[in-house]
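Convert by adding 230 to the 1-based position in the sequence shown; the result is the number in the numbering used here. Think of the CB as a built atom: it goes at the ideal place given N, C-alpha and C, for glycine as much as any other residue.
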Amino acid sequence: MKRFKKSKKKGPVRAKKASADGIQFRSGLEKHTYLALKEAGLYEMYEVEVFQIIDGFTLPNLSIEKQANGKGEFVNRGCKKILGIKYTPDFTGYDYIIECKGRANESFPLRWKLFKRWLVNNGETRTLYKPQNQKDVALMIKLILDGRK
(Lines of atoms letter the chains of each structure in order from A and count residues from 1; the text may use other names and numbers.)
(Lines give C-alpha, C1' and ligand atoms only; values in the text may rest on other atoms or scores of the structure.)
Protein backbone atom coordinates (compact mmCIF):
# COMPACT_ATOMS: atom_id res chain seq x y z
CA MET A 1 0.00 0.00 0.00
CA LYS A 2 1.42 3.36 -1.10
CA ARG A 3 1.45 6.29 1.25
CA PHE A 4 1.06 9.78 -0.12
CA LYS A 5 2.68 12.82 1.45
CA LYS A 6 0.16 15.38 2.51
CA SER A 7 0.69 18.69 0.71
CA LYS A 8 1.55 21.64 2.93
CA LYS A 9 0.10 24.11 0.42
CA LYS A 10 -2.93 26.02 1.61
CA GLY A 11 -4.93 27.84 -1.03
CA PRO A 12 -3.64 30.38 -3.55
CA VAL A 13 -0.07 31.58 -3.86
CA ARG A 14 0.68 34.33 -1.35
CA ALA A 15 3.66 36.59 -1.88
CA LYS A 16 5.92 37.32 1.07
CA LYS A 17 6.08 40.97 2.05
CA ALA A 18 9.49 42.64 1.91
CA SER A 19 10.86 46.07 2.73
CA ALA A 20 13.70 48.33 1.63
CA ASP A 21 14.48 51.97 2.42
CA GLY A 22 11.45 52.14 4.70
CA ILE A 23 9.03 51.13 1.92
CA GLN A 24 6.85 48.06 2.54
CA PHE A 25 6.50 46.01 -0.67
CA ARG A 26 3.89 43.34 -1.31
CA SER A 27 6.42 40.86 -2.72
CA GLY A 28 10.11 40.12 -3.09
CA LEU A 29 9.81 40.78 -6.83
CA GLU A 30 8.51 44.31 -6.15
CA LYS A 31 11.44 44.92 -3.79
CA HIS A 32 13.90 43.62 -6.39
CA THR A 33 12.30 45.84 -9.05
CA TYR A 34 12.51 48.88 -6.76
CA LEU A 35 16.21 48.28 -6.07
CA ALA A 36 16.93 47.75 -9.79
CA LEU A 37 15.02 50.92 -10.80
CA LYS A 38 16.78 52.91 -8.06
CA GLU A 39 20.23 51.65 -9.07
CA ALA A 40 19.54 52.58 -12.71
CA GLY A 41 18.27 56.03 -11.70
CA LEU A 42 14.78 55.24 -13.00
CA TYR A 43 12.73 55.03 -9.79
CA GLU A 44 9.91 57.59 -9.61
CA MET A 45 6.81 56.31 -7.75
CA TYR A 46 5.59 53.15 -5.98
CA GLU A 47 1.82 52.56 -5.85
CA VAL A 48 1.00 56.26 -6.12
CA GLU A 49 -1.01 56.58 -9.35
CA VAL A 50 -4.52 55.17 -9.19
CA PHE A 51 -6.54 54.68 -12.39
CA GLN A 52 -10.35 54.68 -12.26
CA ILE A 53 -11.04 51.87 -14.74
CA ILE A 54 -14.84 51.79 -14.38
CA ASP A 55 -16.91 54.44 -12.63
CA GLY A 56 -19.35 53.46 -9.91
CA PHE A 57 -23.05 53.38 -10.79
CA THR A 58 -26.44 52.67 -9.30
CA LEU A 59 -28.23 49.48 -10.32
CA PRO A 60 -31.96 50.33 -10.35
CA ASN A 61 -33.03 46.73 -11.09
CA LEU A 62 -33.79 43.92 -8.69
CA SER A 63 -30.95 41.40 -8.51
CA ILE A 64 -31.90 38.20 -6.73
CA GLU A 65 -28.70 36.46 -5.64
CA LYS A 66 -26.61 35.17 -2.78
CA GLN A 67 -23.55 37.03 -1.51
CA ALA A 68 -20.48 37.08 -3.79
CA ASN A 69 -18.96 34.17 -1.85
CA GLY A 70 -22.06 32.04 -2.50
CA LYS A 71 -23.25 32.19 1.11
CA GLY A 72 -26.25 33.83 2.70
CA GLU A 73 -29.84 34.07 1.61
CA PHE A 74 -31.08 34.19 -2.00
CA VAL A 75 -32.51 37.72 -1.81
CA ASN A 76 -32.59 41.06 -3.63
CA ARG A 77 -29.10 42.55 -3.69
CA GLY A 78 -29.92 45.11 -6.38
CA CYS A 79 -31.29 48.65 -6.18
CA LYS A 80 -28.03 49.98 -4.77
CA LYS A 81 -24.77 51.72 -5.60
CA ILE A 82 -22.13 49.52 -7.26
CA LEU A 83 -18.55 50.58 -6.55
CA GLY A 84 -16.22 51.40 -9.43
CA ILE A 85 -13.07 49.50 -10.28
CA LYS A 86 -9.70 51.12 -9.61
CA TYR A 87 -6.28 49.89 -10.66
CA THR A 88 -2.99 50.79 -8.96
CA PRO A 89 0.14 49.65 -10.82
CA ASP A 90 3.25 48.92 -8.77
CA PHE A 91 5.59 51.49 -10.31
CA THR A 92 4.96 54.48 -12.56
CA GLY A 93 7.22 56.99 -14.23
CA TYR A 94 6.86 59.58 -16.94
CA ASP A 95 7.49 56.97 -19.68
CA TYR A 96 6.59 53.63 -18.01
CA ILE A 97 3.99 51.73 -16.02
CA ILE A 98 5.17 48.55 -14.28
CA GLU A 99 3.10 45.74 -12.76
CA CYS A 100 5.23 43.05 -11.07
CA LYS A 101 3.37 39.78 -11.20
CA GLY A 102 5.03 36.51 -10.23
CA ARG A 103 1.92 34.31 -10.24
CA ALA A 104 -1.41 35.92 -11.09
CA ASN A 105 -4.61 35.17 -9.18
CA GLU A 106 -7.78 34.34 -11.08
CA SER A 107 -9.11 37.92 -11.20
CA PHE A 108 -5.89 39.51 -12.50
CA PRO A 109 -6.22 38.71 -16.25
CA LEU A 110 -9.61 40.45 -16.45
CA ARG A 111 -8.41 43.48 -14.46
CA TRP A 112 -5.25 43.66 -16.64
CA LYS A 113 -7.35 43.59 -19.82
CA LEU A 114 -9.64 46.33 -18.49
CA PHE A 115 -6.59 48.43 -17.58
CA LYS A 116 -5.14 48.06 -21.10
CA ARG A 117 -8.52 49.09 -22.51
CA TRP A 118 -8.53 52.16 -20.24
CA LEU A 119 -5.03 53.10 -21.49
CA VAL A 120 -6.22 52.94 -25.12
CA ASN A 121 -9.45 54.87 -24.47
CA ASN A 122 -7.61 57.62 -22.59
CA GLY A 123 -4.69 58.11 -25.00
CA GLU A 124 -2.08 56.92 -22.50
CA THR A 125 1.26 56.49 -24.30
CA ARG A 126 3.54 55.20 -21.55
CA THR A 127 5.09 51.77 -22.12
CA LEU A 128 3.54 48.98 -20.06
CA TYR A 129 5.80 46.33 -18.47
CA LYS A 130 4.82 43.19 -16.56
CA PRO A 131 7.99 41.48 -15.30
CA GLN A 132 7.45 38.05 -13.74
CA ASN A 133 10.96 37.32 -12.49
CA GLN A 134 14.34 38.96 -11.86
CA LYS A 135 15.55 38.19 -15.38
CA ASP A 136 12.53 40.08 -16.80
CA VAL A 137 13.33 43.02 -14.49
CA ALA A 138 16.90 43.24 -15.83
CA LEU A 139 15.63 43.20 -19.43
CA MET A 140 12.97 45.79 -18.60
CA ILE A 141 15.58 48.16 -17.10
CA LYS A 142 17.64 47.82 -20.30
CA LEU A 143 14.59 48.52 -22.47
CA ILE A 144 13.65 51.63 -20.48
CA LEU A 145 17.19 52.96 -20.61
CA ASP A 146 17.48 52.23 -24.36
CA GLY A 147 14.14 53.99 -24.96
CA ARG A 148 15.43 57.14 -23.23
CA LYS A 149 18.56 57.46 -25.43
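Taking residue i and residue j to be in contact with their CB atoms under 8 angstroms, please state how far apart those CB atoms are, rounded to whole angstroms.
{"i": "D325", "j": "T288", "result": "Not a contact, Cβ separation roughly 38 angstroms."}
{"i": "G314", "j": "G286", "result": "4 angstroms"}
{"i": "E336", "j": "K360", "result": "Not a contact, Cβ separation roughly 17 angstroms."}
{"i": "G332", "j": "Q297", "result": "Incorrect: roughly 30 angstroms between the Cβ atoms, too far for contact."}
From residue i to residue j, what does the alpha carbon distance come to, in whole angstroms?
{"i": "A334", "j": "I312", "result": "25 angstroms"}
{"i": "F338", "j": "K379", "result": "33 angstroms"}
{"i": "V350", "j": "K343", "result": "11 angstroms"}
{"i": "K310", "j": "M370", "result": "43 angstroms"}
{"i": "A270", "j": "K365", "result": "15 angstroms"}
{"i": "Y278", "j": "R256", "result": "Position check: residue 278 holds Val in this sequence, whereas Tyr was assumed. Looking at the two C-alpha atoms, the distance is approximately 14 angstroms."}
{"i": "E295", "j": "L373", "result": "48 angstroms"}
Examine chain C for any beta-carbon lying closer than 9 angstroms to the beta-carbon of residue i, and answer yes or no.
{"i": "N363", "result": "Within the model displayed, chain C is absent; a lone protein chain is all it includes."}
Give me the DSSP bridge partner(s) of residue i.
{"i": "N306", "result": "I294"}
Just to confirm, are residue i and residue j a CB contact at a threshold of 9 angstroms?
{"i": "L375", "j": "L272", "result": "yes"}
{"i": "I253", "j": "F345", "result": "no"}
Cβ contact check for the region 315-332 and the region 247-266: 3 or more pairs under 8 angstroms: Below 8 angstroms, enough C-beta pairs join the region 315-332 and the region 247-266 to call them touching: three or more.
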